[in-house]
Each structure stands twice: as structure tokens, then as C-alpha cells.
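Protein chains: 2
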Amino acid sequence: MEICPSNALPVRIGDKWTAWVVRLLEHGPRRFTELRKDMGRVTPKVLTETLRAMERDGMLTRTEFDEIPPRVEYELTELGHSLRALLDHTCAWTRENLPLIEAARRANDEADHARTA
Amino acid sequence: MEICPSNALPVRIGDKWTAWVVRLLEHGPRRFTELRKDMGRVTPKVLTETLRAMERDGMLTRTEFDEIPPRVEYELTELGHSLRALLDHTCAWTRENLPLIEAARRANDEADHARTA
DNA sequence: CCGTATCCACAATGATACTG
DNA sequence: CAGTATCATTGTGGATACGG
Numbered sequence: 001m002e003i004c005p006s007n008a009l010p011v012r013i014g015d016k017w018t019a020w021v022v023r024l025l026e027h028g029p030r031r032f033t034e035l036r037k038d039m040g041r042v043t044p045k046v047l048t049e050t051l052r053a054m055e056r057d058g059m060l061t062r063t064e065f066d067e068i069p070p071r072v073e074y075e076l077t078e079l080g081h082s083l084r085a086l087l088d089h090t091c092a093w094t095r096e097n098l099p100l101i102e103a104a105r106r107a108n109d110e111a112d113h114a115r116t117a
Numbered sequence: 001m002e003i004c005p006s007n008a009l010p011v012r013i014g015d016k017w018t019a020w021v022v023r024l025l026e027h028g029p030r031r032f033t034e035l036r037k038d039m040g041r042v043t044p045k046v047l048t049e050t051l052r053a054m055e056r057d058g059m060l061t062r063t064e065f066d067e068i069p070p071r072v073e074y075e076l077t078e079l080g081h082s083l084r085a086l087l088d089h090t091c092a093w094t095r096e097n098l099p100l101i102e103a104a105r106r107a108n109d110e111a112d113h114a115r116t117a
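Those sequence lines, one after another, are chains A and B.
Each residue of the first sequence is one higher than the one before, counting from 1 in UniProt numbering.
Each residue of the second sequence is one higher than the one before, counting from 1 in UniProt numbering.
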């Protein structure tokens, strides 16, 4: 997740894409293709899996409009919105501590390298 | 992680075992085998990998005592301790919301089953 | 537009056995 | 006691192509 750089990091919300979906939906409903465009390289299969799992858990609703061309909107439920506070804590922790972690990694990797050389 | 039942759930700290290690070390240093015993079924390989990764990231220190039989102690650093607040938030969120998620799952699964039948 | 259907790659975890 | 070495398994995510 690049949304807050927790790629490097020990805290994740569910799978690889869930947190990102929450962020993209926090200001209102979005359509499938909108989400897809804003999420870097998600394949439709994986995005569908993510959204279905979140729907099953009651984090969002899926609304299908009977139009042509088809339109489907995804919207956070109250439960989905409640994740935002947790995401905020997580991002805050990461902002504060990521530099420390990166420094520790560099130090340890350098020490290992010195030992090997 | 059964420590707070986030198995079912969308928030995880790092990999499968990291959060548990933090909890086991929060009141002081522990030895390899102590950790292993308290952590259900971790194989020594996986526990070693977890501990080494955490050490590399500056979350804990590994202290080897020159005794026979060997003794090694793992202890959280300040950075490691800082994860506790995040864990607390996560567990609180889970305690509050897990029932809702489980209810949503039951409801959705039942609806699916009805549709299939 | 909004997906499904197949197949595949890889990382994470586990089982088992062995060692300084 | 505190690991290492190998191998097997699984599960998540991705590539690609196609369908209502």
C-alpha cells in the first residue's frame, strides 16, 4: 500500500488492497472502474475479490443500477467508516517510526555486510 | 493470531506472529523456548525468521549469553514497545466490531445459500 | 461497463529431521 | 537450549482472455 508507505511496514489492514479501498471510498460512493483506475495495477479479478470480501464482512455495500451501460456503486457502511480511525492511527505511527525502522535496517544490513566481507 | 481474535479480521501487525511476540515481550525479556511454548504451534524455523526480521527492524534485541547450556534472550526496544499502543487500538476496534462482522457474514452467507438452494 | 474464467508465480508458513 | 537444513504445502496476488 503506497497510501501511507506501509509496504515497508509491520501494520496492514487485511489484505493488500482493503485499506486503499477504504481511503478511496471515505468521501462517498465510487464505481468499479473509478476504483480500478485510482489503485495502480489491480487486476479486475483481485479488485472483485477484495470488494466481495468487504461486502461479505459488512464493510461496504454494492448497488447495481439497472442501466445500459451498467453502473455499480460501492459505498462504505458505518462499519467501513469505523476503520478510518484505525487507519489514521496506523498512518500516524508509520509517519513517526518509519525513519527509525529504515535506519535500523540500514545499520543491521551494514553490520551483516561487514561481517561477511 | 488468537491473542485478540483478529484471525477473522482485517487488521494485522506484520506477519502472522509479530503481534504475538510483542505481547509476550511487553513485560520483559524472554527466551527462545519460552516464546515457542507460549505461541501455540510455531516451528522453530518460523519463530527464528520472525525474531530475526524484528531484530533487523529494530523492534527487539537479541542477547546471547555465553553459558552452557546456551541462553538467548529477546527484549523489546523502545520502538517495539511503541507498537503496543497500536495493538491496543486494534484490539479495541476488534472487540467492538467483530460481532458486527460476524453477523454480517452470517447474514450474507445465508442469503447466498438461499439463492443457491 | 463490470465483471468471470483459467492458469500461473511466488512468498509465507509448516513438517520433519538434524546439530553446535 | 537454541537453533539450521530441506522439503512440502498453501494461499494470495497477477496475467491473460473472454462474456452479459
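Ideal placement from N, C-alpha and C gives every residue a C-beta, glycine not left out.
Fair warning: this is a prediction, and the values are worked out from it, not measured in the lab.
- If you look at residue 73 of chain B, you'll find it in the beta strand (DSSP E) that goes 71-76.
- Counting the other CB atoms within 10 Å of its CB gives residue 94 of chain A a total of 16 or more, which places it among the buried residues.
- Across the structure, residue 81 of chain B and residue 19 of chain B are spaced so that their CA atoms are roughly 11 Å apart.
- Taking residue 61 of chain B as reference, the option from A:114, A:41, A:104, A:113 with the minimal CA-CA separation is A:104.
- In the three-state DSSP reduction, residue 101 of chain A falls in the helix class (H, G or I).
- Between residue 31 of chain B and residue 71 of chain B, the CB-CB gap stays under 8 Å.
- Here the alpha carbon of residue 40 of chain A sits roughly 26 Å from the alpha carbon of residue 96 of chain A.
- Cβ neighbours of residue 86 of chain A within its own chain (closer than 8 Å, five residues either side excluded): 13.
- Counting along the chain, no alpha helix (DSSP H) covers residue 26 of chain A, and no H or E run does either.
- Taking C-alpha positions only, residue 76 of chain A is separated from residue 68 of chain B by approximately 58 Å.
- Bridge pairing for residue 31 of chain A: A:73 [DSSP].
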